[in-house]
Amino acid sequence: MWSLQELLPGPVITDGAWGTLLQAGGLGAGDCPDAWNLSHPSFVEGVARAYVGAGSEVILTNTFGGSGLRLAAHGLDHQAIEINEAGARLSRRAAGSQVRVFASMGPSGRMLAMGETTVEELQASFSEQAKALAGEGVDALLLETFADLDELRAAIAAAKETGLPVVASLVFDSGPARDRTMMGVTPEQAAAAVVAAGADVVGANCGNGIDRYIAICRRLRAATDRPIWIKPNAGLPELVGGRPVYRTTPAEFAARAVEVFAAGATFVGGCCGTTPAFIAAIRKALAPGRS
Amino acid sequence: MREAVLTGNAPAAATAARAALAAGVAPIDLVNLAIRPAMDEVGRLYEAGEYFVPELLLAARATKEAFTLIRPLLASKDAPPAARVVLGTVQGDLHDIGKNLVAAMLEGSGFEVIDLGVNVPPDRFIAAIKESQARVVGLSALLTTTMPAMKTTLDVFGTSGLRDRVRVMIGGAPVTQAFADSIGADAYGENAAAAVEITRRLIAT
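Keeping their order, the protein sequence lines are chains X and E.
Going by our numbering, the first sequence opens with residue 843, and the numbers climb by one from there.
Going by our numbering, the second sequence opens with residue 287, and the numbers climb by one from there.
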């Protein structure tokens, strides 16, 4: 039985964006990325292998939108278990025994505050997903890009049922300083809430480029003694000639990543717009000090 | 009423509405002099970063309570019927939280919202515009990759001959004023609170 302790105190390089690579592989706007675990398994495994090859010590799974509630938007909720099991298997195979697999679980897409779902419904949906992922041998569960604490608490409860370590990561992209979630949650409130709910690692991902993350990381570091998980975007995308372009280069990102580690992060990777090149750049930037 | 709206207290808003109406306040005055200013204040607090989504939703719910009581009384020759707004997330995009917030704010400000949901192709917008005779249309997108569908939608409005009959506002996380200008949208809104002011402005044009 492995333990999160094996990875501490870090620094641990996680992985980069999957959506960006799936889109490059032909995933269309409006398509369900998670369904590619069934329809394009080799391509998905290829993404996992690309990150392992680039130096990721932790890779995720292509299951971000894999909760039954989220899949329902594509009419695929009846395949939730299949999709999650496939995603976990593909990453597990690519990771082998040297790299850890943290399975991605994203929000349901329903707003509790607007009465679009209930805590019970959320917990059941996340529970189904968590069990499917755990059954295929992932090393931990990563709850990412959450904005609502009540929904995140339901997800943490579901994830903890599996007995696996749980990472709880929120997106702080609102407010004048872009340092609160859409629901107004601050890093301090988030840290306190997720730790009280039993999360093992506290984190932030998406919503901002890496510049803003140094401050967010420091605030999380000050708010908890749990390990910190950080995954910024490669900047915010701009439409250039009808296509989204992310302005931050791998080298720029890697230089900042070193600062994020110094600011107290244990786990650092990239979110939207990042690629294996970003991970390789981080590895290179860390190389001088590593054993 | 102001207190009820600012604190998002729906029962208190209903009580305040009943009390005002019983005291002889004209329904239209209750809307224009009490509810609208309160919602505007909520919007200002949201834009200032003091109120967030939960406060917005609670306030909208409170005014909706009040409107449930007031609307039947407004349907008279003295007051114009609620202006209609068609909303939808563009084709290829399944995100709806922003759009739903706009809908809540617009309904909370007395507009009638026809919400087409997500992944809406241009034809469905057109059908809804024709059926509802709405003069304002709101397009939402959360992904940079689906923003081009806003241009496509506007182009189809043009070829269908109804571009001049509607005013189009667009919004969503990756959307900008520059983008709105480049595709010929009538307005760009940075958030759900801004949508209310924009809609009022567009209705008047």
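Backbone N, C-alpha and C fix where the C-beta goes; we use that ideal spot for every residue, glycine too.
The C-beta of Gly872(X) comes closer than 8 Å to at least one C-beta of chain E. Counting along the chain, the unbroken beta strand (DSSP E) around Asp401(E) starts and ends at 398-401. In the structure shown, Ala473(E) falls within a strand segment according to DSSP collapsed to helix, strand and coil. Counting only residues of its own chain and dropping the five nearest sequence neighbours on each side, Gly951(X) has a CB closer than 7 Å to the CB of Leu911, Arg912, Ala915.
Runs of the beta strand (DSSP E) lying entirely within the segment 415-461 of chain E, each at least 3 residues long, are 422-426, 453-457 in chain order. Against chain X, a Cβ distance below 9 Å from Asn386(E) picks out Met953, Met956, Glu958. Residue state for Glu978(X) is assigned as coil, using DSSP reduced to three classes. A Cβ-Cβ separation of about 16 Å leaves Ala945(X) out of contact with Leu994(X) under the 8 Å criterion. The beta carbon of Thr431(E) falls within 8 Å of a beta carbon belonging to chain X, placing the residue at that interface.
Three or more beta-carbon pairs separated by less than 8 Å link the segment 471-485 of chain E to the segment 380-392 of chain E, which places the two stretches in contact.
For Val1087(X), the enclosing beta strand (DSSP E) starts and ends at 1085-1087. When the Cα atoms are used, Ala345(E) and Leu488(E) turn out to be separated by approximately 23 Å. In the DSSP annotation of this structure, Ala915(X) is not part of any alpha helix (DSSP H), being labelled neither H nor E. Using a CB distance below 7 Å, the part of the segment 328-352 of chain E facing chain X consists of Gly335, Phe338, Val339, Pro340, Leu343, ordered along the chain. Not a single C-beta of chain X is nearer than 8 Å to the C-beta of Asn318(E). Within its own chain, the residues whose Cβ lies closer than 7 Å to the Cβ of Thr438(E), once the five positions on either side in sequence are excluded, are Pro408, listed in chain order.
By the Cβ neighbour-count rule, Asp981(X) is buried, with 16 or more other Cβ atoms within 10 Å of its own. Listed along the chain, the chain E residues whose CB falls inside 8 Å of the CB of Met1024(X) are Phe338, Val339, Ile383. Listed along chain X is no residue with a C-beta nearer than 9 Å to that of Leu373(E); the closest approach is about 14 Å. Here Arg370(E) is bridged, per DSSP, to Glu398(E).
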